[in-house]
Amino acid sequence: MKQIYTLLFLVLASVASYAQEVDSMKLEIQQIENSLQYQTGTISLKDGLATITVPPGFKFLDAEQAEYVLTELWGNPKTETTLGMLVPEQYGVLDSNSWVFNVEFDEIGYVKDDDANDIDYADLLKTMQEETLEENTARTAEGYDPIQLIGWASTPYYDNENKILHWAKEIRFGEADENTLNYNVRVLGRKGVLVLNAIAGMNNLPEVQKSIATVTSNVAFENGHSYFDFDPKVDEVAAWTIGGLVAGKMLAKVGFFALLLKFWKVIALFVVAGGSAVMKFLKRRKEAAPAEEIPVA
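Put into structure tokens, the structure is as follows:
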């Protein structure tokens, strides 16, 4: 009976210790959030290439802070290509339900959209799933989880009038319990495409879809850089087409990110504070027990 009381005491002590650690982690998360300097209003991107007017319900982090969030907080590979990120106003970057639009520019040239109405997206998806599996060898060699492309979370759609393409993939990273939503937006321009990738969980899909029209209507190329400013005499035509943009490689220059490490410390603290004392106790009991005795558990 004494052994049971001792075990219960250790469990309660561990739970109390875990609660303290969680409170400490919440404070650390809040300090990280307070260190970020969010912006609103109209923001110039890439030395006057384009502008983004932060829509109602969002806040903006500049390129340096966005890179910090993507790599240091979320554990993605370094890219140094982000121009910033839009964050929903009600979330912090380490909140359990947080998601963002990461903004980039891919200078691939003028993308012809002649094929926009001729693409079989079901067939394209099968090809992309096969290629994703093949690319996992390189990912795992670099120390990252393999990727499985589950399917379309939103079938590709091309807005011919405004020259905006968007689609969404459902992705699984390694053995993650929750699949990742990768919602892609491409605003076509004279010399490349503005990239807005929504990095989110599948549970965020309704929020992301609801915001697409608002976000895309507040992003625009400056005069001289829009799709309609293309000059065939001097401008380069991209090797990419609309279908090519959708089928872009997972490890291509255009960023592909996930909410990888959010709350990993809290999970680790649970293991340390909530389990180690009990496991040590059981180990000691087993080592001290005669062969025929069954340790208390």
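Using the UniProt record's numbering, the first residue of the sequence shown is number 1, and each one after it goes up by one. For each residue, glycine too, the CB sits at the ideal point set by N, CA and C. Because the structure is a prediction, the values reported are computed rather than measured.
Per the DSSP secondary-structure output, Pro88 pairs in a beta bridge with Phe58. Per the C-alpha coordinates, the member of Val185, Val195, Met202, Val103 positioned closest to Phe173 is Met202.
Close CB contacts of Ala198 within its chain, under the 6 Å cut and outside five residues either way in sequence, are with Phe101, Tyr183, Val208 (chain order). Contact check for Val234 against Thr216 fails: the beta carbons are separated by 8 Å or more.
Comparing C-alpha distances from Val195 to each of Leu205, Glu178, Trp167, Glu175 shows the shortest one belongs to Trp167. Taking one beta carbon from each stretch, the stretch 43-51 and the stretch 22-35 have fewer than 3 pairs nearer than 8 Å; the two do not touch. Boundaries of the beta strand (DSSP E) harbouring Tyr110: 110-112, taken from the DSSP string. Spatial neighbours of Leu83 in its own chain (CB-CB distance under 8 Å, excluding positions within 5 residues in sequence) are listed in chain order as Leu45, Lys46, Ala63, Ala66, Val103, Glu104, Phe105. Where Arg186 is concerned, the enclosing beta strand (DSSP E) starts and stops at 180-188.
Unbroken alpha helix (DSSP H) stretches of 4 residues or longer found wholly inside the stretch 192-260: 205-216, 242-246, given in chain order. Per DSSP, the unbroken beta strand (DSSP E) holding Gln148 starts and ends at 147-159. For the set Leu165, Tyr158, Gly151, Asp159, the Cα lying nearest the Cα of Asn179 is the one of Gly151.
The Cβ atoms of Leu86 and Val54 sit closer than 8 Å to each other.
DSSP places Val100 in the strand class (E or B) of the three-state scheme. The beta carbons of Val185 and Ile147 sit no closer together than 8 Å.
In the DSSP assignment, no residue is bridged to Asp123. Burial state of Tyr158 is buried, judged by a 10 Å Cβ sphere holding 16 or more other Cβ atoms. Under the 10 Å beta carbon count, Ser96 is surrounded by fewer than 16 other beta carbons and is classified as exposed. Its chain contains Ala50, Gly189 as the residues whose beta carbon lies nearer than 6 Å to that of Phe221, once the 5 sequence neighbours on both sides are disregarded; these appear in chain order. When DSSP states are grouped into helix, strand and coil, Gln129 belongs to the helix group. In the DSSP secondary-structure assignment, Ala63 is not bridged to any residue.
Collapsing the DSSP output to three states places Leu94 in coil. Exclusion of the five residues before and after His225 leaves Leu49, Gly189, Arg190 as the residues of its chain whose Cβ lies within less than 6 Å of its Cβ.
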